[in-house]
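Counted the way our numbering counts, the sequence shown spans residues 1 to 488.
Virtual Cβ for every residue (Gly too), placed ideally from N, Cα, C.
Treat the numbers as computed from the prediction; the structure is a model and nothing was measured.
Presented below is the structure to which this report refers.
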Amino acid sequence: MGIKLGNGKWATKEDELLAYRVIEGKYFNRSFDFARSSTTTRVNKDGYIEDVPSDTARIDFADSVDGALLTEPASTNLITYPISFGNNYWTKSGASIEGDSSTAGSELVTNGSFATDTDWTKGTGWSIGSGVATYTGTTDSNLGQSSVATVGTFVLLEYEVTSSSIDGTLDLSSSSFKGAYYSLNKSVGTHQFYIEVSTYSTLNIRVRSNTTGTISIDNVSVKEVQGFEAPKVDGSGGFEREAYKLVEDTSNGIHRIYSPNITVSVDTLYSSSVYAKKGERSWFSIHISDSTAGKDVWFDLDNGEVGTEDSGINGKITPMADGWYRCSVTWEDATKTTNRSYIYLADADNSDTYTGDGTSGLYIAYAQLEESDYASSLMLPTTEGSTTSRVGDVVNNAGNQSLFSNVNSSGTLYAEIAANSDDLTGRYISLSDGTTNNYADIYYSSLSNYINMRVYSGGVQQASEKIPVRDISDFHKIAVRWAVDDFS
Numbered sequence: 001m002g003i004k005l006g007n008g009k010w011a012t013k014e015d016e017l018l019a020y021r022v023i024e025g026k027y028f029n030r031s032f033d034f035a036r037s038s039t040t041t042r043v044n045k046d047g048y049i050e051d052v053p054s055d056t057a058r059i060d061f062a063d064s065v066d067g068a069l070l071t072e073p074a075s076t077n078l079i080t081y082p083i084s085f086g087n088n089y090w091t092k093s094g095a096s097i098e099g100d101s102s103t104a105g106s107e108l109v110t111n112g113s114f115a116t117d118t119d120w121t122k123g124t125g126w127s128i129g130s131g132v133a134t135y136t137g138t139t140d141s142n143l144g145q146s147s148v149a150t151v152g153t154f155v156l157l158e159y160e161v162t163s164s165s166i167d168g169t170l171d172l173s174s175s176s177f178k179g180a181y182y183s184l185n186k187s188v189g190t191h192q193f194y195i196e197v198s199t200y201s202t203l204n205i206r207v208r209s210n211t212t213g214t215i216s217i218d219n220v221s222v223k224e225v226q227g228f229e230a231p232k233v234d235g236s237g238g239f240e241r242e243a244y245k246l247v248e249d250t251s252n253g254i255h256r257i258y259s260p261n262i263t264v265s266v267d268t269l270y271s272s273s274v275y276a277k278k279g280e281r282s283w284f285s286i287h288i289s290d291s292t293a294g295k296d297v298w299f300d301l302d303n304g305e306v307g308t309e310d311s312g313i314n315g316k317i318t319p320m321a322d323g324w325y326r327c328s329v330t331w332e333d334a335t336k337t338t339n340r341s342y343i344y345l346a347d348a349d350n351s352d353t354y355t356g357d358g359t360s361g362l363y364i365a366y367a368q369l370e371e372s373d374y375a376s377s378l379m380l381p382t383t384e385g386s387t388t389s390r391v392g393d394v395v396n397n398a399g400n401q402s403l404f405s406n407v408n409s410s411g412t413l414y415a416e417i418a419a420n421s422d423d424l425t426g427r428y429i430s431l432s433d434g435t436t437n438n439y440a441d442i443y444y445s446s447l448s449n450y451i452n453m454r455v456y457s458g459g460v461q462q463a464s465e466k467i468p469v470r471d472i473s474d475f476h477k478i479a480v481r482w483a484v485d486d487f488s
């Protein structure tokens, strides 16, 4: 007698995971009771991330072409803006975030060509004429237009500087899109900026702290854009544009993006992950700041391989669809009570300090930081701004004493399993009568890279075995067979 589950042929429905058992060559339906009170995600057969409703078992194909039942404990994504990398939650240093210009929608600015002296609110020193807006003065002053964009969107701002001799700076004022000063290019030419509209719908272009000179601008444009195609599908199979491009600037130094400080616990295992796809750059690193020097793991998006790993931190790269990879690092936080998630662009393995060209970068999506010894399935919020939690999976009632009462003199316990990590904690799969007197189980224990089995009857151990393997995080097919005085 054995319970058959999976082997590439899966059947799930709400509250149940279907299986069957074989007794003397006859097949009998059997189902597991399944519960999870929150939605979550899995990787489907095509390599895309997919939402899974609450109380529905997840068959995950991230590490197996045949699929595997994915059961996980509760966890929380501590990053509160895991999707919107353009948000000022993320600090950009030597780099910027771009959306997908091909998704640009309709024009949101009225009279951006300054064909008439209308539609714009002009501060002191600003004038409109001859098809341009010109500033001449000695004080801070805005050129503005209200209700241009919708808060919560990502826009492409474009404008042309036709002449410039000001001593001061050009920026978006603190009463504009981001609610903070945002530096703009004042040199002659056409300039583009990708900006998340996080605070105000008003566009205010400001000349600040100049003492002499003038500046003229033309062809001001604002269009809403989305991100690039990320490795996620909705219920209809369509893509969601939730990836963004991390682009280096022209400085000689580090090109990175990072989160604010996040509260963590010392002597605790954490995992940080992000989905990445190569652009002009194919190397990047995930950096953690647990020690004064920091630690990194480098990832090669050309070959799908982990590069250099600093001591005390372990990396993993998992292929997805369309050139995407999930890249993660796991480490034990030994010294700090706060930490950040860092993503560094790199020009080669173990090299994150270089002179950028201003246009090269790679694509990133879905950041996650969690207290865990591995990067668990993706947790995304319905609305960003707070942490996102997943409750644990519960699978019960695959069998009971009544079910096995007529056949418990012999049987087989079979599983195709992989450990999340070799962390020396006990993890068990067992069949029993509900007591510790009569059971068979397969388990991981405090012995590194061993798979164990044992059979108890009447409270007495009848058989046991410890099997060494190269890596328990690889999938193994394990079967324990028992009959009277016969075990294998």
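*Report the rounded CA-to-CA distance for Trp283 versus Ala419, giving the unit in angstroms.*
28 Å
_Three-state secondary structure (DSSP) of Ser351_ = strand
*Who are the near neighbours of Phe404 in its chain, counting only those whose CB is closer than 8 Å to its CB and skipping five residues on each side?*
Residue placement at Phe404 cannot be trusted, given a pLDDT of 43 that sits under 50; what the coordinates show is reported in the next sentence. Hits under 8 Å: Met1, Gly411, Leu431, Asp433.
*Ile49 beta carbon less than 8 Å from that of Ala133*: no
*Please state whether DSSP places Thr211 in a helix, a strand or coil.*
coil
*Helix, strand or coil: how does DSSP classify Ser402 here?*
Unreliable positioning characterises Ser402 in this predicted model, as indicated by a pLDDT of 48, which lies under 50. The coordinate reading is nonetheless provided below. Three-state DSSP puts Ser402 in a helix.
*Would you say the region 89-104 touches the region 221-233, given that touching needs at least three Cβ pairs under 8 Å?*
yes
*Using the rule of at least 16 other Cβ atoms within 10 Å of the residue's Cβ for burial, across every protein chain shown, is Tyr428 buried or exposed?*
exposed
*Val329 versus Tyr244: straight-line alpha-carbon distance, rounded*: 21 Å
*Does the Cβ-Cβ distance between Ile286 and Cys327 come in under 8 Å?*
yes
*If you draw a straight line from the C-alpha of Phe475 to the C-alpha of Gly67, how long is it?*
11 Å
*Mind checking whether Pro231 and Ala321 have CB atoms under 8 Å apart?*
yes
*Going by beta carbon distance, what residues of the same chain come within less than 6 Å of Asn142, once the five residues before and after it are set aside?*
Gly123, Ser173, Asn204, Arg206
*Scan the region 299-331 and note each continuous alpha helix (DSSP H) run of 4 residues or more that stays entirely inside, going in chain order.*
none
_Rounded separation between Gly307 and Gly294 - CA only_ = 17 Å
_Own chain partners of Val197 with C-beta closer than 8 Å, once the 5 adjacent residues on each side are dropped_ = Ala149, Thr150, Val151, Gly152, Thr153, Phe154, Val155, Phe177, Lys178
*Who are the near neighbours of Thr71 in its chain, counting only those whose CB is closer than 7 Å to its CB and skipping five residues on each side?*
Asp393, Val395
*Check the DSSP bridge columns for Pro468 and list the partner residues they point to.*
Tyr450
*Using the DSSP secondary-structure output, state which residues sit across from Asn339 in a beta bridge.*
Ile262
_According to DSSP, residues forming a beta bridge with Arg256_ = Ser93, Tyr344
*Name the two residues that bound the continuous beta strand (DSSP E) containing Phe193.*
189-196
_Closest Cα partner of Ser386 within the set Asp51, Ser351, Thr56, Pro82_ = Pro82
_Distance between Leu413 and Ser402 (C-alpha atoms, nearest Å)_ = Confidence at Ser402 is low in this model, with a pLDDT of 48, below 50, so its placement is unreliable and the value that follows should be read with caution. Each residue's Cα considered, the two are about 17 Å apart.
*Between the region 358-367 and the region 309-316, do three or more beta carbon pairs fall short of 8 Å?*
no
*Look up Thr495 in the DSSP assignment and say whether it is helix, strand or coil.*
A query on residue 495 cannot be resolved here, the shown segment of the chain reaching from 1 to 488 and no further.
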